[in-house]
Amino acid sequence: MIVVGAGPAGLAVASTLAERYTVLVVDARPPRSDALGESKVGRVHKSWFCPHDCLYDNPDLIDCRKPHGIRRYLIRTFSGASKGATDRFDLAWEPRQFAHAEPGDRYPYLDEYKLIEHWERKLVAGTHGSRFLRGRLYQNHRTVPGGVVVRFRPTPDKNGTAAGRPEPASAPAGAEELSESYRCRLLLDASGHDSDIRKVYPDEQAHLYWWSVFGALVEHPEGDIGQPPGKGSEMAVGDYMLWQTFADTNADPDTPLHEGRPVFEYEVLDERTSFPLILYLRPEQVSMEVAKAEFLRILYEEEGNAAFRDTTVQEFKFGHYPSGRRFPELRPGPRRLHSATPDCGPPPAAGEPASSSRTTPPTAAASPHSSTRTASTRRPCAVCRRGTTNPPSS
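Mapping of the sequence shown onto the working numbering: residues 530 to 923, in sequence order.
Structure (C-alpha cells):
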C-alpha cells in the first residue's frame with residue numbers, strides 16, 4: 530500500500546495498516562536524519578484532546594498525554610445571556626461522560642509532537658517492511674491489473690532545484706519500484722486539503738462547505754490562569770471555550786455563521802499556556818493570510834478578550850477542513866477511503882485495516898473526511914479506531 534502524506538492523518542492510518550500490511554509512506558518534505566534514520570518530527574499544525582477510554586485502552590500512548598485535560602465547557606456570545614460581559618458566561622458545565630474518571634482526565638490533552646513520533650516509530654517497527662520515502666511529490670497515477678502505479682518526482686528545494694534522491698532502500702514487498710514509479714494494491718491520499726490526487730476526482734469537492742481554522746499556542750503572564758476552574762471571567766486550566774462571538778466581527782451583526790462570521794474558541798492547556806483559535810464556515814476556503822490577520826485582531830484588540838491581551842505567540846496552528854455538502858446526494862461509483870484530520874479533535878482513522886483492503890477498489894483515492902461539530906456526531910478516533918461521540922457543544 531502507498532500512503533501519500535506523512536501528516537497526522539497519513540501517519541495515523543499508515544501506522545495502523547503497518548500492523549498487517551506493507552506500507553510505503555511518501556512525503557514531500559526532505560529527509561532529516563535522527564536516531565531511527567527517519568525524519569524528525571516537523572511542525573505540526575494540529576492539536577488534540579481525546580476521550581478517556583481511547584487513551585487508557587492503549588497503554589503505549591500514555592506517554593503522549595499532557596498533564597491536564599478539559600474540566601469545563603464554556604459559551605459566551607455578544608447577544609446571549611452574558612451580553613458580551615467579561616464576568617459571566619452564557620453557559621458553563623463540566624464533562625459528563627466518563628464520570629468514573631477525575632474531571633481533568635475525562636478528555637486529556639495530547640502532546641501532538643509525541644503522538645506524531647509515536648506513529649512514525651510504530652510504522653517502521655512493524656515486521657512487514659513498511660518505510661518512508663521522503664522528498665517526493667505526487668505526479669500522477671494509473672490503474673493496472675491488480676493495483677495502481679503511482680509516479681513521484683523529487684521535491685524542488687527553495688531555489689527551485691529538484692532535491693537529490695534519498696538514500697537507496699529496497700522497495701517493500703507489494704510496492705514495486707519502477708524508476709520513480711511504485712506499484713501497489715491500494716493508494717491512499719492523505720496529502721491535505723489541496724491534494725493533487727483529489728483533483729483527479731472533481732466531484733469529491735463539489736458543493737463542499739469548509740472550516741477555515743487559524744490559531745496559536747500562546748503563553749500567558751504568570752498568575753493569569755488559575756486552577757482549578759474558577760467563576761466568572763477567571764481563566765482556569767481545563768477551560769474549553771466552545772463558542773464565543775463578538776458584536777463587531779462583521780459589519781452587519783446579523784451575518785450568519787454559514788456566510789462567514791468567525792467563531793472564537795480556546796483551550797487552556799496549563800498554568801501558562803492556552804490554544805486560542807478562530808473558525809470560519811464558508812463554501813470557499815478563507816486564505817490563511819486573511820484568517821491570521823483576523824485572529825490577531827480578535828486576540829489582541831477585541832474588548833471581550835482582555836485575558837489574551839498580554840499573551841505571546843509560541844506557535845501558529847492552521848488548516849482547512851471539509852464540513853459537508855451544500856447539496857448532498859448519493860452518487861454511484863467506487864468507494865473512497867477517507868483520510869483527513871478534523872479540527873480540534875483526534876484525527877479519524879480510515880476504518881479497520883482488513884475490511885479496507887478487501888472492499889475498496891484499488892483505484893480509490895482518499896476523499897476528505899466530513900467532520901461536523903455537533904453533539905450527536907460520531908467519528909472514528911485515531912487513538913483507538915472506534916467511534917466516539919464529540920464533547921457537548923451548542
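Just so it is clear, CB atoms sit at the ideal spot from N, CA and C, and this is done for glycine as well.
- In the DSSP assignment, M817 falls outside any beta strand (DSSP E) and within the unbroken alpha helix (DSSP H) covering 817 to 830.
- When the beta-carbon positions are compared, A820 and H657 stay at least 9 Å from each other.
- Counting only runs of 3+ residues, the beta strand (DSSP E) found wholly inside the segment 715 to 753 occupies 716 to 718, 737 to 748, in chain order.
- Per the DSSP secondary-structure output, K651 pairs with nothing in a beta bridge.
- CA-to-CA, the gap between G853 and L808 works out to about 15 Å.
- Pairing V747 with T840 gives a Cβ-Cβ distance under 9 Å.
- With respect to G744, L806 sits close: the two C-beta atoms are nearer than 9 Å.
- Linking H574 to E641 through their CA atoms gives a straight-line distance of about 9 Å.
- Residues H722, W739, S741, Q814 of the same chain have their beta carbon placed closer than 6 Å to that of H849, with the five preceding and five following residues left out of the count.
- For C583, the uninterrupted alpha helix (DSSP H) run begins and ends at 581 to 585, by DSSP.
- In the displayed model, Y550 falls within coil according to three-state DSSP, outside both helix and strand.
- Assigned with DSSP and collapsed to three states, D556 falls in strand.
- Using a Cβ distance threshold of 9 Å, R558 and T684 count as a contacting pair.
- Counting along the chain, N669 sits inside the beta strand (DSSP E) bounded by residues 665 to 673.
- Straight-line spacing of the CA atoms in F578 and P637 works out to 5 Å.
- Under a 10 Å Cβ-count criterion, G752 is classified as exposed, with fewer than 16 other Cβ atoms of the shown protein chains found around its own Cβ.
- In the DSSP assignment, K575 falls outside any beta strand (DSSP E) and carries neither an H nor an E.
- Secondary structure at P588: helix, using DSSP grouped into helix, strand and coil.
- For V673, same chain residues with a beta-carbon under 8 Å away, outside a window of 5 residues either side, are R712 in chain order.
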